[in-house]
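Peer 1: Sharing a structure here in structure tokens format.
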Amino acid sequence: MLKINLKAVLYYCTLPFIFLVSVLPFWLLYLISDLILYPALYLLVGYRKKIVRANLLNAFPEKDLEEIIEIEKRFYHYLCDLFLETFKSITISEKELKKRLVYDVDEQMIDKWYAENKSFVLTLGHYGNYEWMAQTLGRQFPHIGTGPYHKLSNPYFDNLFLKIRSRFGTRMYLTKDTYRRIAAGFDRPFNIALGNDQSAPPLKSYWTTFLNQDTSFFFGTEMIAVKYDMPVIFVYISRIKRGFYKVTFKLITDTPKEEEKYSILEKHANLLEEQIRKEPEFWLWSHRRWKHKKP
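The sequence shown begins at 19 in the working numbering and counts up one residue at a time.
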């Protein structure tokens with residue numbers, strides 16, 4: 019009896035659509051986002067709508083329901099754009115991507131670290147077009163761009179997204195292999211981009227108040243920085259206008275071994291909250307960020 023691989027069927031049925039999206043001009047992508055994807059995702063399906071609404075209400079108790087719903091709608095517009103921009107990454111040229119994601123950073127500081135054979139940590143949240151930022155790390159600096167990723171349950175889509183993220187030289191590895199890869203090192207100084215805004219295990223994390231709630235953060239960012247004496251930079255990804263983003267850096271510390279315990283994580287949490295409060299619609303509210311309670 020022929021065994022049907024449903025994951026393969028799903029992938030190969032959707033792949034033509036994904037590729038078609040990737041070759042469309044941006045103006046048409048955003049037309050699709052507004053007229054098809056947003057109504058489908060927000061109005062018809064209500065993708066994770068209960069989670070998004072609860073997260074917003076808990077994060078901003080000072081806002082009335084009308085304000086919350088307005089942020090919610092803007093978030094879903096952003097989420098639809100993010101989906102399509104990610105698919106566009108399959109075929110977008112490096113030249114075009116550099117026009118749409120610009121870096122406004124202290125290059126002298128980065129070059130100095132490279133000359134000193136020093137690697138560094140980039141800590142960030144799932145904010146703005148974090149996928150484009152991850153894609154460009156491999157070509158933006160003299161350092162090798164690296165980052166961990168979570169394996170998707172569908173191996174076909176997992177392979178596709180791995181190819182997207184590594185198109186321009188960023189070296190990706192499984193999250194579980196992060197410490198081993200850093201310990202092994204690379205052939206020259208590197209940076210490592212660590213997203214630290216997802217739900218961390220309650221007994222193995224740093225707890226602080228974040229967006230009005232007890233929130234857990236992974237230890238990894240600080241542990242890596244301190245153990246390997248790597249400077250830590252917070253990454254801001256701001257949207258200039260639709261389809262255009264700017265990346266700026268905020269130095270958290272260049273002497274991690276001298277920092278008080280957990281101060282790097284606390285600074286990360288404070289900077290991320292500051293960014294979110296300024297423009298809340300560009301953070302990934304659909305994630306179950308607060309599913310764990312403080313023990």
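Every residue gets a Cβ at the ideal spot worked out from N, C-alpha and C, and that includes glycine.
Residue ranges of each beta strand (DSSP E) run of no fewer than 3 residues wholly in the region 121-206, ordered along the chain?
Peer 2: 138-142, 162-167 and 189-192
Peer 1: Touching or not, the region 89-103 and the region 62-77, by the rule of three or more beta carbon pairs under 8 Å?
Peer 2: yes
Peer 1: Return the chain-ordered list of same chain residues with a C-beta closer than 6 Å to the C-beta of Trp301, the five sequence neighbours on each side being excluded.
Peer 2: Tyr145 and Ile294
Peer 1: Does the contact criterion of 3 or more C-beta pairs under 8 Å hold for the region 40-57 versus the region 191-198?
Peer 2: no
Peer 1: Here's the rule I'm using: 16 or more other beta-carbon atoms within 10 Å means buried, otherwise exposed. How should Phe37 be labelled?
Peer 2: Exposed, because fewer than 16 other Cβ atoms sit within 10 Å of the Cβ of Phe37.
Peer 1: Please go through the same chain and pick out, in chain order, the residues whose beta-carbon is closer than 7 Å to the beta-carbon of Tyr174, but skip the five residues on each side of it.
Peer 2: Within its own chain, the residues whose Cβ lies closer than 7 Å to the Cβ of Tyr174, once the five positions on either side in sequence are excluded, are Lys25, Ala26 and Tyr29, listed in chain order.
Peer 1: Helix, strand or coil: which one does DSSP assign to Thr104?
Peer 2: Of the three classes helix, strand and coil, the one that applies to Thr104 here is helix, per DSSP.
Peer 1: Between the region 265-284 and the region 238-252, do three or more beta carbon pairs fall short of 8 Å?
Peer 2: yes
Peer 1: Report buried or exposed for Pro313, applying the criterion of at least 16 other Cβ atoms within 10 angstroms of its Cβ.
Peer 2: exposed
Peer 1: Quick one: what's Gln231 bridged to in DSSP?
Peer 2: Phe228
Peer 1: In whole angstroms, what separates the C-alpha of Leu229 from that of Ala133?
Peer 2: 39 Å
Peer 1: Starting from Tyr29, trace the alpha helix (DSSP H) both ways and give me its first and last residue.
Peer 2: Tyr29 -> alpha helix (DSSP H) spans Leu24 to Val41.
Peer 1: Considering Cα atoms alone, identify which of Asp52, Lys117, Phe105 and Phe35 is closest to Ile258.
Peer 2: Lys117
Peer 1: Rounding to the nearest angstrom, what Cα-Cα distance links Ser304 and Ser40 in this structure?
Peer 2: For Ser304 and Ser40, the distance between alpha carbons rounds to 24 Å.
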